[in-house]
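Working notes for the structure below.
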Amino acid sequence: MGMIVPIQGKTEKECLDILKKLREDQYFPYLYAVELRYDFLEKRVEKLADFLQGVRNLIGEKKLIFTIRTNRQGGFYPFGKSYFQENILAMESGIPDYIDLEVECGISGRESWKECIAMVKRLGGKVIASYHDFHRTPDLKECEAILERLSSYSPDIVKMAFMPKKQEDVLNLLFAGRRWRDKYPKKELITISMGEMGKLSRLCGDLSGSSHSFVQIFGESAPGQWKIEEYLKLHRALSARKGIALLGFMGSGKSTLAGQLAVMGDLPYFETDAVLEQEFSMSIKEYFQKFGEESFRREESRVLKKMSGREMILSPGGGIVLKEENRNFLKNYFFCVYLKVSPETVLQRLSGTKNLRPLLQDKMNLTDITEMMERRSAFYEETADYILEGDGKSISECLTELQSVLLENAFFPAQV
Ligand SMILES: Nc1ncnc2c1ncn2[C@@H]1O[C@H](COP(=O)(O)OP(=O)(O)O)[C@@H](O)[C@H]1O
Ligand SMILES: O=C(O)C1=C[C@@H](OP(=O)(O)O)[C@@H](O)[C@H](O)C1
Ligand SMILES: [Mg+2]
588 MGMIVPIQGK TEKECLDILK KLREDQYFPY LYAVELRYDF LEKRVEKLAD FLQGVRNLIG
648 EKKLIFTIRT NRQGGFYPFG KSYFQENILA MESGIPDYID LEVECGISGR ESWKECIAMV
708 KRLGGKVIAS YHDFHRTPDL KECEAILERL SSYSPDIVKM AFMPKKQEDV LNLLFAGRRW
768 RDKYPKKELI TISMGEMGKL SRLCGDLSGS SHSFVQIFGE SAPGQWKIEE YLKLHRALSA
828 RKGIALLGFM GSGKSTLAGQ LAVMGDLPYF ETDAVLEQEF SMSIKEYFQK FGEESFRREE
888 SRVLKKMSGR EMILSPGGGI VLKEENRNFL KNYFFCVYLK VSPETVLQRL SGTKNLRPLL
948 QDKMNLTDIT EMMERRSAFY EETADYILEG DGKSISECLT ELQSVLLENA FFPAQV
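Under our numbering, read the sequence shown as residues 588 to 1003, first letter to last.
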């Protein structure tokens, strides 16, 4: 789960000062995004593009969420026509990555939201369709209906935050999110049960399907937010997904990158192939010759199932995703990165290698590699939490990208 820090300065200068402090903070590399709560500003910003550029200069490549929380949904901005205008103006600067748009469910005016969302997208922005109630939690059925209504606007992220009055409220919200996420596994979701009672909801995204959590460094923007240092520790302890798995076709660089990543993160490193080679005292090539692929796949799955519950870097064989049970296991226990490369890259990297893959023995040509890759690529994509486009990137470029993705998803070991 990626951590998002809200910025709530009352003036432009205060926001920029907070961001300067944030940039120097030891936890800055761990952030997924910074949320600028525009409604906290006491005065409308005259030169919004300049202000946002100042923000961007301070946060570098971190994602920026521009949020105007209105007085209808727990914020300070008076709802009206200018709500849409300010959001569009912000996006016209081309600087925010996301615009948070409060979507009113069950009232007329759907067209205004649709228009605004279309405009944000046309300007190159992404949309978080959000819905908050700081006083209550709707029942399970209504939570589910709200999620459907929010997703009917085709936003990039759906966000729902409610205040619980009883324990059941927390569970209902989480359950509604879980069901929604199972229905739309590739869509992103943030579900929050607020206050002390709901604090667990901010930590258990693996269970509830929630992708990100708002945390505090300089004070909370909504009740129940964890302090970043608490969040990092607790999330790691509670999450079933403790490992990091590198997936991809033969030659995509799994073994190479996993080995180096393990050193960088001081983590144990496992290769399903190496475990099997040791167990059977023979190379993978010899195993294929003696026992065939079917037997190899059985043994490979067996070894994989032993790899849960520990922090580690895992480099499985490229064919691990062929079995559904393996894909599910990987999704449940690992943050999965798909190293995506073209058939040309595979051919170039594996031609002349001593470690000849048995499945490519008579197939070291573009046509056969392409065909085999096409049979697998949907499985890699389905299993991946992140896709790293590897063509043309050096090993060290891949490592740098991997490290920041893992930090931003609270997966790399805390060095703080
Ligand atoms: N980013 C990269 N750029 C260039 N060569 C690479 C890169 N990553 C891996 N390689 C090389 O490609 C070959 C296959 O890499 P390997 O890690 O064994 O892949 P896999 O485990 O996915 O089959 C090795 O010779 C390795 O040095
Ligand atoms: O893709 C595959 O089916 C295989 C990939 C190999 O590992 P690498 O992906 O590390 O080459 C190895 O497990 C075996 O030869 C089968
Ligand atoms: Mg390998």
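Every residue, glycine too, gets a C-beta built ideally from N, C-alpha and C.
The structure displayed is predicted, hence computed values, not measured ones.
- By the Cβ rule, the region 887–896 does not count as touching the region 794–804, because fewer than three pairs are nearer than 8 Å.
- Inclusion of residue 936 in the 6 Å shell around ligand 1 follows from its C-beta lying nearer than that to a non-hydrogen atom of the ligand.
- Going by DSSP, residue 858 is part of the beta strand (DSSP E) stretching over 856–858.
- Residue side-chain check: residue 841 places its Cβ nearer than 6 Å to a non-hydrogen atom of ligand 3.
- By the neighbour-count definition (other C-beta atoms within 10 Å, threshold 16), residue 825 is an exposed residue.
- The residues 945, in chain order, have a CB closer than 6 Å to that of residue 872 in the same chain once the five nearest residues on each side in sequence are set aside.
- Taking the C-beta atoms as reference points, residue 655 is found nearer than 7 Å to residue 673.
- Taking each of 615, 991, 990, 591 in turn and checking the Cα distance to residue 779, the smallest one comes out for 591.
- Excluding residues up to 5 positions away in sequence, 609 lie with their Cβ nearer than 7 Å to the Cβ of residue 615 in the same chain.
- Assigned with DSSP and collapsed to three states, residue 722 falls in coil, not helix or strand.
- Sequence-distant partners of residue 724 (beyond 5 residues in either direction) whose C-beta falls short of 8 Å from its own C-beta, in its chain, are 730, 749, 750, 751, 752, 756, 757, 759, 760, 780.
- Within 10 angstroms of the beta-carbon of residue 930 lie 16 or more other beta-carbons, which makes it buried.
- Around the beta carbon of residue 850, a 10 Å sphere encloses fewer than 16 other beta carbons of the protein chains shown; the residue is thus reported as exposed.
- For residue 592, the enclosing beta strand (DSSP E) begins and ends at 589–594.
- Remark: C-beta atoms of residue 840 and residue 926 approach each other more closely than 7 Å.
- Residue 928 carries a coil assignment under DSSP once its states are collapsed to helix, strand and coil.
- For residue 941, there is no enclosing beta strand (DSSP E), as DSSP marks it with neither H nor E.
- Partner residues in a beta bridge of residue 610, as assigned by DSSP, do not exist.
- Spanning the alpha carbons of residue 957 and residue 935 requires a straight line of approximately 13 Å.
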